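Colleague: In terms of my numbering, the sequence shown opens at residue 1 and continues consecutively. Just so you know, even glycine gets a beta-carbon here, dropped at the ideal spot from N, CA and C. Since the structure is predicted, the reported quantities are computational estimates derived from the model, not experimental observations.
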Amino acid sequence: MNPVYEKLCACYESIRARIPFTPEIALVLGSGLGNYASKMEVVEQIPYGDIAGFPVSTAPGHVGQFVFGYVEGVPIVAMQGRVHYYEGYDMTDVVLPIRLMKMMGAEILFLTNAAGGIRQGFSAGDLMMITGQIATFVPSPLRGANIAELGNRFPDMSHIYDEDLQQIIRKSACQLDIPLREGTYIQLPGPNYESPQEIGMCRVLGADAVGMSTACEAVAANHMGMKIAGISCISNLAAGISPHPLTEEEVIEAGKMVERDFSALVTCAIGHMHEAGK
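1) What does R181 pair with, by DSSP beta-bridge criteria?
2) Mapping the DSSP letters down to three states, classify S235 as helix, strand or coil.
3) Alpha carbons only, please: which of E41, Q187, G132 and I168 is nearest the one belonging to V67?
4) Buried or exposed: L165, going by 16 or more other Cβ atoms within 10 Å of its Cβ?
5) Kindly indicate which residue of A207, A10 and Y5 has the alpha-carbon position closest to the one of F122.
6) Classify T303: buried if its beta carbon has 16 or more other beta carbons within 10 angstroms, exposed otherwise.
7) Take I270 as the anchor and find which of S14, C11 and V28 has the nearest alpha-carbon.
8) Please report the distance separating the alpha-carbon of L142 from that of T92.
9) State the beta-bridge partners of I44 as determined by DSSP.
10) If you run the structure through DSSP and keep just helix, strand and coil, what is F110?
11) Going by DSSP, name the residue or residues bridged to G117.
12) So if DSSP puts P75 in a beta bridge, which residue, or which two residues, is it bridged to?
13) Over the uninterrupted alpha helix (DSSP H) stretch that includes I15, give me the two end residues.
14) Rounded to a whole number of angstroms, what is the C-alpha to C-alpha distance between N146 and H223?
15) Using three-state DSSP, classify V219 as helix, strand or coil.
16) Assuming I169 is part of the alpha helix (DSSP H), what are its boundary residues?
As structure tokens, this is what we get:
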């Protein structure tokens, strides 16, 4: 058996008895956004440290646990804190949680993150729906022997972010009268923030927001046939645009600033995703 798949199966078996239901949606809560889990009707929590061999999140603002509960009556498994490539893990470990949530039964992956705004006119606190991504600056999670149990060797990436789910998020934002940006997200390795010259490069490549996560997770999820949606919280203006040095505290504070709109949008969208799937 492929050792990456063997490890995934071992993680699943170690917690299978604690999984209270088959989740419909897998939700990843990014930096400063983890408090959303407190708004769920929580029925179970599994700290990452309880899962043998599982990567543990070390980033500030990331609690590091799976939260099982209901949002608008919809069964959800949420990652309260994710694992990043810059923490020193192999890319297969970075996406292991995504693969594990798919193994639990989730068919939709709802990604969220804190990101630096690149596009002119973006402001801290904006919410941007991810419509496309650039992931070529970090290793592909599909590198190495293909895991046929998960997906095909050469998966198409033309429509990573599901267009029907995008329309649901637009509809939800309109219904709630929440301003919603749209754009392309680029993942860079981190953990250092980008130089102004690197941000200039990202702009030339067509990126609207930059961060250190998410895109690799979307690649892994797409490989497994999951439907993917994504929202970035613009936590700061990127280097060369922001008038002051960037800090991790700024990212967490921005999450608190946008918490009300973020929570309302995610909750409304989840409800509509469930209705659309009936």
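Modeller: To lay it out plainly:
1) In DSSP, R181 forms a bridge with M128.
2) S235 falls in the strand class under three-state DSSP.
3) Between V67 and the set E41, Q187, G132 and I168, the nearest pair of CA atoms involves E41.
4) The residue in question, L165, is buried, as its Cβ has 16 or more Cβ neighbours within 10 Å.
5) Shortest Cα-Cα distance from F122 to any of A207, A10 and Y5 involves A207.
6) Absent from the structure is residue 303, since the part of the chain shown begins at 1 and ends at 278.
7) Residue V28 is the option with its Cα nearest to I270.
8) Take the alpha-carbon of L142 and the one of T92: they are about 8 Å apart.
9) Looking at the sequence shown, residue 44 is not Ile but Glu. For E44, DSSP records a beta bridge to F68.
10) If DSSP states are grouped into helix, strand and coil, F110 belongs with the strands.
11) Under DSSP, the beta-bridge partners assigned to G117 are A209 and L237.
12) Beta-bridge pairing by DSSP links P75 to Y70.
13) That run of the alpha helix (DSSP H) goes P3 to I15.
14) So the two alpha carbons sit approximately 10 Å from each other.
15) Three-state result, V219: helix.
16) Going by DSSP, I169 is part of the alpha helix (DSSP H) stretching over E163 to L176.
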